[in-house]
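Listed in order, the protein sequences are those of chains A and B. Just so you know, we're using my numbering here: the first sequence kicks off at 1 and counts up by one. Just so you know, we're using my numbering here: the second sequence kicks off at 1 and counts up by one.
Protein chains: 2
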Amino acid sequence: MPVGNNNYLLIEIILMEAAEKFRLICEKAGLTVTHQRFVIWETLASLPGHPSPEEVYARVKGEIPSISLATVYKTIHLFMDSDLFHEVSLHHGSMRVETNPQPHHHLVCRVCKSITDIDAGQIELRMPPGELPGGFAAERYAVDVLGVCADCRKRG
Amino acid sequence: MPVGNNNYLLIEIILMEAAEKFRLICEKAGLTVTHQRFVIWETLASLPGHPSPEEVYARVKGEIPSISLATVYKTIHLFMDSDLFHEVSLHHGSMRVETNPQPHHHLVCRVCKSITDIDAGQIELRMPPGELPGGFAAERYAVDVLGVCADCRKRG
DNA sequence: TTGTCTGCAAATTCTTTGCAAGTTT
DNA sequence: AAACTTGCAAAGAATTTGCAGACAA
Chain A
1 MPVGNNNYLL IEIILMEAAE KFRLICEKAG LTVTHQRFVI WETLASLPGH PSPEEVYARV
61 KGEIPSISLA TVYKTIHLFM DSDLFHEVSL HHGSMRVETN PQPHHHLVCR VCKSITDIDA
121 GQIELRMPPG ELPGGFAAER YAVDVLGVCA DCRKRG
Chain B
1 MPVGNNNYLL IEIILMEAAE KFRLICEKAG LTVTHQRFVI WETLASLPGH PSPEEVYARV
61 KGEIPSISLA TVYKTIHLFM DSDLFHEVSL HHGSMRVETN PQPHHHLVCR VCKSITDIDA
121 GQIELRMPPG ELPGGFAAER YAVDVLGVCA DCRKRG
């Protein structure tokens, strides 16, 4: 694997301490650096799994007792808008019912958030030959293809 | 394709009118048949896409003006518990942040709802040779492997 | 009948907003 | 100083719950 100039920059970033790194990230994203944001960012990066805002809030409170849940929400949204983190689920805010009985997957537009079904046969999945980690018994697969729908592409 | 005895049953079910079909489904699932449930079931089956409870409620109100939103919620949950329909998203009730910067997919346990990451390299995806429906521009894939985790398998 | 649903209203949970005071640039 | 961010409290949205009367088996 060839090492390009970009990789030197990458290595520098990795070696930088967290605060520096965060400063750089914020600069690139056009975000103001604040202590709250730094601690929330560090906390998110350190928490394994898929933390909820409440969990992040609880953790951050250890460092900044005066932090408010509202700030955690605002900051998480800010980070997501700047692509620093993603949300785990589509439609997290409201329940949606899957009414298509056919095996299918989803085309999810990241601009307008629309979800279109695509026949399961159109996507071929291949799992590893052995077992899945920790003896997980797979039953079915749900694939979300993330991208931009035709309408949103036309609109620029 | 050989036609077994099960297929005769299947054909009968298909030919049955909706009310009969619903009665059979309820019997199999051990659910009481009510008019509200029948109309909600028909509505769900007829609505394309991924309707929210509010949308279902609005539709059903046309047939049963006295229906309440609470009943719609209760019934949708009932149907989901009986596997008549699925939910589109995991974690629909609260925001979850994806903190793993590595490309990865999810192992989702349908019993305990836990979500475990699996390296993206472990799953091979193949898309159709042509374009995706309607000129959708794919950027990345998110795969949820649904099944039962090791812990829940042990517990029976 | 007997147990199970339904509709209503109140309660909860999750998230957003307005604004004054505090920080960052 | 100007612009932006924070914390608080109140508002809002989405969903659940308790319960009395209505319905299904």
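The beta carbon of each residue, even a glycine, is placed where N, CA and C say it ideally should be. Note that the coordinates shown come from a computational prediction; the quantities given were computed from them, not determined experimentally.
Exercise. In chain order, which continuous runs of the alpha helix (DSSP H) of length 4 or greater are located wholly inside the stretch 78 to 128 of chain A?
Worked result: For the stretch 78 to 128 of chain A, not a single whole alpha helix (DSSP H) run of length 4 or above is found.
Three CB pairs or more closer than 8 Å across the stretch 63 to 75 of chain B and the stretch 88 to 95 of chain B = no
- Query: Per DSSP, what kind of secondary structure is residue 139 of chain A in: helix, strand or coil?
  - Reply: Mapped onto the first sequence, residue 139 of chain A falls at position 139. Here residue 139 of chain A sits in strand by DSSP.
Measure the C-alpha to C-alpha separation of residue 126 of chain B and residue 133 of chain B and round it to an integer number of angstroms. Position 126 of the second sequence, counted from the start, is the residue given in the question as residue 126 of chain B. Position 133 of the second sequence, counted from the start, is the residue given in the question as residue 133 of chain B. Cα-Cα distance, rounded: 15 Å.
Worksheet entry | Among B/107, B/112 and B/29, nearest to residue 119 of chain B - alpha-carbon criterion | Within the second sequence, numbered from 1, the residue matching residue 119 of chain B stands at position 119. The residue with the shortest Cα to Cα distance from residue 119 of chain B is B/107.
**OP:** Tell me residue 147 of chain B's beta-bridge partners as DSSP assigns them.
**Re:** For the purposes of this step, residue 147 of chain B is taken as residue 147 along the second sequence, with counting starting at 1. Bridge partners of residue 147 of chain B: A/138 and B/109.
query: Quick one, which residues of the stretch 141 to 153 of chain B are near chain A if we go by CB-CB under 7 Å, in chain order?
result: From the stretch 141 to 153 of chain B, only 141, 142, 143, 144, 145, 146, 147, 148, 149, 150 and 153 have a Cβ closer than 7 Å to chain A.
Helix, strand or coil for residue 17 of chain B? Go by DSSP, reduced to three states. The residue given as residue 17 of chain B occupies position 17 in the second sequence. Reduced to three states, the DSSP call for residue 17 of chain B is coil.
So if I threshold CB-CB distances at 7 Å, which residues from the stretch 60 to 87 of chain A count as touching chain B? 76, 85, 86 and 87
- Query: Taking the C-alpha atoms as reference points, what is the distance between residue 45 of chain A and residue 27 of chain B?
  - Reply: Residue 45 of chain A sits at position 45 when you count from the first residue of the first sequence. Residue 27 of chain B sits at position 27 when you count from the first residue of the second sequence. If I take the Cα positions, the gap works out to 49 Å.
Would you identify the three-state DSSP class for residue 49 of chain B, choosing helix, strand or coil? One-based indexing of the second sequence puts residue 49 of chain B at position 49. Three-state result, residue 49 of chain B: coil.
So, does the stretch 45 to 63 of chain A touch the stretch 98 to 112 of chain B, judging by three or more C-beta pairs under 8 Å? yes
Cutoff 8 Å; reference residue 142 of chain A; Cβ partners in own chain excluding five residues on either side:
Here residue 142 of chain A refers to the residue found at position 142 when the first sequence is read from its first residue. Excluding positions up to five away in sequence, the list reads 105 and 106.
- prompt: For residue 138 of chain A, which residues in chain B fall below 7 Å Cβ to Cβ?
  reply: The count along the first sequence starts at 1 and reaches residue 138 of chain A at position 138. Within 7 Å Cβ-Cβ: 145 and 147.
Run the proximity test for residue 17 of chain B: is its beta-carbon closer than 7 Å to any non-hydrogen atom belonging to the ligand HEM?
For the ligand HEM, the structure offers nothing, since it holds no ligand at all.
ask   = Is residue 87 of chain A near residue 146 of chain B, with beta carbons less than 8 Å apart?
value = Here residue 87 of chain A corresponds to residue number 87 of the first sequence, with the count starting at 1. Here residue 146 of chain B corresponds to residue number 146 of the second sequence, with the count starting at 1. No; because the gap between Cβ atoms is not below 8 Å, this pair is not in contact.
### Cutoff 6 Å; reference residue 123 of chain B; Cβ partners in own chain excluding five residues on either side
The count along the second sequence starts at 1 and reaches residue 123 of chain B at position 123. Here the set comprises 105 and 143.
>> Any beta carbon of chain B sitting closer than 8 Å to that of residue 118 of chain A?
In response: For the purposes of this step, residue 118 of chain A is taken as the residue at position 118 of the first sequence. True, the Cβ-Cβ gap to chain B drops below 8 Å.
- request: With 7 Å as the C-beta to C-beta threshold (strictly closer), list the residues of the stretch 93 to 108 of chain B near chain A in chain order.
  value: 94, 95, 96, 97, 98, 99 and 107
Return helix, strand or coil for residue 37 of chain B, following the three-state DSSP convention. Numbered from its first residue, the second sequence carries residue 37 of chain B at position 37. Residue state, collapsed to three classes: helix.
- request: Assign residue 89 of chain A to buried or exposed, taking buried as 16 or more other Cβ atoms, counted over all protein chains shown, within 10 Å of its Cβ.
  value: Numbered from 1 along the first sequence, position 89 holds the residue referred to as residue 89 of chain A. Residue 89 of chain A comes out buried.
Q. Residues in its own chain within less than 7 Å of residue 36 of chain A by CB, not counting five upstream and five downstream?
A. The residue given as residue 36 of chain A occupies position 36 in the first sequence. These residues qualify, in order along the chain: 64, 67, 71 and 75.
Worksheet entry | Best match in B/151, B/31, B/29 and B/136 for proximity to residue 154 of chain A [C-alpha to C-alpha] | The sequence position of residue 154 of chain A within the first sequence is 154, counting from 1. Residue B/136 is the option with its Cα nearest to residue 154 of chain A.
Exercise for review: Consider the Cβ of residue 135 of chain A: report whether some Cβ of chain B lies at a distance smaller than 8 Å.
Suggested key: On the first sequence, residue 135 of chain A is found 135 positions in, with the first residue counted as 1. Yes, residue 135 of chain A lies at the interface with chain B (some Cβ there is under 8 Å from its Cβ).
* Asked: Under 8 Å between the Cβ atoms of residue 19 of chain A and residue 38 of chain A?
  -> Working through the first sequence from its first residue, we reach residue 19 of chain A at position 19. Working through the first sequence from its first residue, we reach residue 38 of chain A at position 38. In contact: residue 19 of chain A and residue 38 of chain A (Cβ atoms closer than 8 Å).
How many angstroms separate the CA atom of residue 30 of chain B from the CA atom of residue 22 of chain B?
Within the second sequence, residue 30 of chain B is the residue found at index 30, counting from 1. Within the second sequence, residue 22 of chain B is the residue found at index 22, counting from 1. Taking the straight line from one Cα to the other gives about 12 Å.
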